Amino acid sequence: MQRVYLDNAATTKVLPLVVDAMLPYYTEYYGNPSSFHAFAREAHKGLDEARRTVSQCLNAADPSEITFTGGGSEGDNMILRGVARANRKKGKHIITTAIEHHAILHTLMAMEADGTAEVTYLPVDEYGLVTPEQVKAAIRPDTILVSVMFANNEVGTIEPIAEIGAVCREAGVLFHTDAVQAVGHVPVDVQAMNIDLLTLTAHKFHGPKGIGAVYIKKGIRVPALVQGGSQENKKRAGTENIPGIVGLAAALQYQTEHMAENAEKMTKLRDQLLNGIEERIPAVELNGHRTKRLPNNVNFCLRYIESESVLLWLDMNGIAASSGSACTSGSLDPSHVLLAMGVSHEAANGSLRLTLSELTTEQEIDYVLDVLPKIVQRLRDMSPIYPKGA
31 MQRVYLDNAA TTKVLPLVVD AMLPYYTEYY GNPSSFHAFA REAHKGLDEA RRTVSQCLNA
91 ADPSEITFTG GGSEGDNMIL RGVARANRKK GKHIITTAIE HHAILHTLMA MEADGTAEVT
151 YLPVDEYGLV TPEQVKAAIR PDTILVSVMF ANNEVGTIEP IAEIGAVCRE AGVLFHTDAV
211 QAVGHVPVDV QAMNIDLLTL TAHKFHGPKG IGAVYIKKGI RVPALVQGGS QENKKRAGTE
271 NIPGIVGLAA ALQYQTEHMA ENAEKMTKLR DQLLNGIEER IPAVELNGHR TKRLPNNVNF
331 CLRYIESESV LLWLDMNGIA ASSGSACTSG SLDPSHVLLA MGVSHEAANG SLRLTLSELT
391 TEQEIDYVLD VLPKIVQRLR DMSPIYPKGA
């Protein structure tokens, strides 16, 4: 039995070159970068180099615009809550979409509950797309922030980020994008795309878990979410995770340098998987836009069966997959993303997400295309709602 990992949207394998970059900062350059001695200077040099690398990969104007965090969720909280605190005199209206990651949605709901935000949740079309025109129409005099994810973590749809950023720039409203799924996989240029604030995390592009970063354009005030020290230019207190930061930078640099070739390979395998599922399994529906999607994302609704059963059978056959966001894997509720796209509850309960990486092979895709149709048919044969003979 083969073992095939197709849950790369949840987390990725750390590359050996990333581990090699991190190890010296555990064993040799282990000083606290805030101290005043040679050990500290060695650690600080790694911190400075990593900040410069991340800045260059995003085409930020200055390394100081990069602040390291504990991950994507912390970064989203830092931006949303920080912008709200810094702009209380202007207003508290924030615009987002109905398909954001829960790190955005749950934070905004909590802010609504405590009275620090008034939120407009923009609807999306059947592909999960929101338009710049929708954003423009929703902006009010008291709007302080627009937050639209770069690419959806469940269905892989890529939003028109540069165009939305241009609308916000013209209106004088700050624009944030949760780019956790996009960074390292598709080109992200904060200057060309009119992005003021951005969130990323390392473990989505073959870096270590528990380390992320935010981009905050120079001149934008975002008060610290974590208080207690002057680290990270007083934006995030706490001794920096130097090995993790170095690993993040190493992974991002590698992914940026090899992005074109990796995207070409993943797109080819993605389409092989996508087309193979449609050819071999009846009554399936592709979720997300067919072409405006991440190169590694395949998401289908398998009618008449539930995704939990499919995932269990896939796991027994050595295949790792998911039904949607890893952050909601314990929930029995249908995906909020699919429901917002107009998918029925019944169909959403049969969603399957298969996400690749550049480490995925054609042989692994062939194996999945051999195993998955048999699993689906077996489950449908047992389903009381499956039209017999279909």
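In the numbering used here, each residue carries its 1-based index in the sequence shown increased by 30. Glycine included, every Cβ here is placed at the ideal spot set by N, Cα and C. Predicted, not measured: the structure shown is a model, and the values here were computed from it.
| Query | Result |
| --- | --- |
| Starting from the C-beta of Ile405, find all residues in its chain whose C-beta is less than 7 Å away, skip the five residues before and the five after it, and write them out in chain order. | Val340, Trp343, Leu344 |
| Residue range of the beta strand (DSSP E) that Asn381 falls in? | According to the sequence shown, residue 381 is Ser rather than Asn. Per DSSP, Ser381 belongs to the beta strand (DSSP E) from 381 to 385. |
| Going straight from the alpha carbon of Glu338 to that of Leu409, what length do you get? | 11 Å |
| Any idea which residues DSSP pairs Arg323 with across the strands? | Thr187 |
| Am I right that Lys239 and Thr41 are in contact with their C-beta atoms under 8 Å? What's the rounded C-beta distance? | 7 Å |
| Ignoring anything shorter than 3 residues, give me the beta strand (DSSP E) runs that lie fully in the stretch 112 to 175, in order along the chain. | 123 to 127, 148 to 152 |
| Determine the direct distance from the alpha carbon of Pro93 to that of Gln86, and round the result to whole angstroms. | 8 Å |
| Quick one: give me the first and last residue of the alpha helix (DSSP H) that Asp301 is part of. | 289 to 310 |
| Within the same chain, show all residues whose beta-carbon is closer than 6 Å to that of Gln285, passing over the 5 residues directly before and after it, in chain order. | Gly214, Phe235 |
| Is it right to say Tyr59 is buried, meaning 16 or more other beta carbons lie within 10 angstroms of its own, or is it exposed? | buried |
| Among the candidates Ile246, Asp363, Gly274, Ala350, whose CA atom is the shortest distance from the CA of Gly101? | Gly274 |
| Secondary structure at Glu315, three-state DSSP: helix, strand or coil? | strand |
| Check this for me: beta carbons of Leu135 and Ile124, under 9 Å apart or not? | no |
| Helix, strand or coil for Ala350? Go by DSSP, reduced to three states. | strand |
| With 16 other CB atoms within 10 Å as the buried threshold, where does Ser365 fall? | buried |
| My output table needs one value for Ser413: the three-state DSSP class, helix, strand or coil. | coil |
| Give the straight-line distance between the Cα atoms of Val96 and Asn329, rounded to the nearest whole angstrom. | According to the sequence shown, residue 96 is Ile rather than Val. Using only the alpha carbons, I get a separation of about 33 Å. |
| Is the beta carbon of Val218 closer than 9 Å to that of Ile225? | yes |
| Taking 9 Å as the cut-off, decide whether the C-beta atoms of Gly105 and Leu230 are in contact. | yes |
| Whole angstroms is fine: what's the gap from Ala254's alpha carbon to Val84's? | 20 Å |
| Could you compute how far the alpha carbon of Asp50 sits from the alpha carbon of Ala280? | 10 Å |
| Tell me which same chain residues have a C-beta within less than 6 Å of the C-beta of Met179, skipping the five on either side of it? | Glu130, Asp208 |
| Could you spell out the range, first to last residue, of the alpha helix (DSSP H) harbouring Phe69? | 68 to 88 |
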